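Chemist: If you scroll down you'll find the structure; I have some questions about it.
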Amino acid sequence: MTDDAHIQHTWHLAHSDGAQISIDLWTDGYTVHVDGGPDDGNQREGGRADIDHLLTKYQANGYRLIRDYAVNDAETHDEPVEDDDPEPDGRPEHCPECTAPVVYDPRFGDEFHEGAAWLCTGCKWGQYLTA
Numbered sequence: 001m002t003d004d005a006h007i008q009h010t011w012h013l014a015h016s017d018g019a020q021i022s023i024d025l026w027t028d029g030y031t032v033h034v035d036g037g038p039d040d041g042n043q044r045e046g047g048r049a050d051i052d053h054l055l056t057k058y059q060a061n062g063y064r065l066i067r068d069y070a071v072n073d074a075e076t077h078d079e080p081v082e083d084d085d086p087e088p089d090g091r092p093e094h095c096p097e098c099t100a101p102v103v104y105d106p107r108f109g110d111e112f113h114e115g116a117a118w119l120c121t122g123c124k125w126g127q128y129l130t131a
């Protein structure tokens, strides 16, 4: 019996000439493995984007999707999510330009900064604050 604990989802395709292809998405959400067909043994790291590309490619070459099914749940990642990080030390008490209160945004992003930031609620609302 084959161990499929690492497989999250499987797609089976068949061609009218009898050729068959199996595409597996692994539980890491990235690894894609192809069994059969012109890409036999090919392993990629593109996740769902690779799956969609391969399905389109094979269907354009006469393969048809026979079935697809979930095998296992995706892996849970124990790494902390950016929002889980507490607000760091050093919060300014107010904006140094207008003295308005500041708010913390753990996922701030603009053309110059990305990540955790304190933002002015007054003169520079929504702009990264450097105190």
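Note that our numbering gives residue 75 to position 75 of the sequence shown, counting from 1, and the numbers run on in steps of one. Quick reminder that beta carbons are idealized off the backbone N, C-alpha and C, glycines included. Values in this document were obtained by computation on a predicted structure and should not be read as measured data.
(1) Give a yes or no on whether the C-beta atoms belonging to residue 133 and residue 70 are separated by under 8 Å.
(2) If you reduce the DSSP assignment to three classes, tell me which class residue 1 lands in.
(3) Counting beta carbon pairs with one atom in the segment 52–65 and one in the segment 24–44, are three or more of them shorter than 8 Å?
(4) Looking only at C-alpha atoms, which of 122, 105, 26 sits nearest to residue 88?
(5) Run through DSSP, which three-state label would residue 91 get?
(6) Given that a residue counts as buried once 16 or more other Cβ atoms are within 10 Å of its Cβ, and exposed if not, what is residue 99?
(7) By the three-class DSSP mapping on this structure, what secondary structure does residue 59 have?
(8) How is residue 100 classed by DSSP in three states: helix, strand or coil?
(9) At the level of alpha carbons, what is the spacing between residue 115 and residue 72?
(10) Look at residue 95 and residue 103 and say whether their C-beta atoms are less than 8 Å apart.
(11) For residue 47 and residue 23, what's the separation of their Cα atoms in angstroms?
Modeler: On the basis of the data shown:
(1) The structure shown has nothing for residue 133, since the chain only spans 1 to 131.
(2) Caution is warranted here: a pLDDT of 45 is assigned to residue 1, below 50, making its placement in the model unreliable, and the coordinate value is therefore given only provisionally. Three-state result, residue 1: coil.
(3) yes
(4) Residue 105 is the option with its Cα nearest to residue 88.
(5) coil
(6) With fewer than 16 other Cβ atoms within 10 Å, it is exposed.
(7) Helix.
(8) coil
(9) 33 Å
(10) Not a contact, by the Cβ cut-off of 8 Å.
(11) 11 Å
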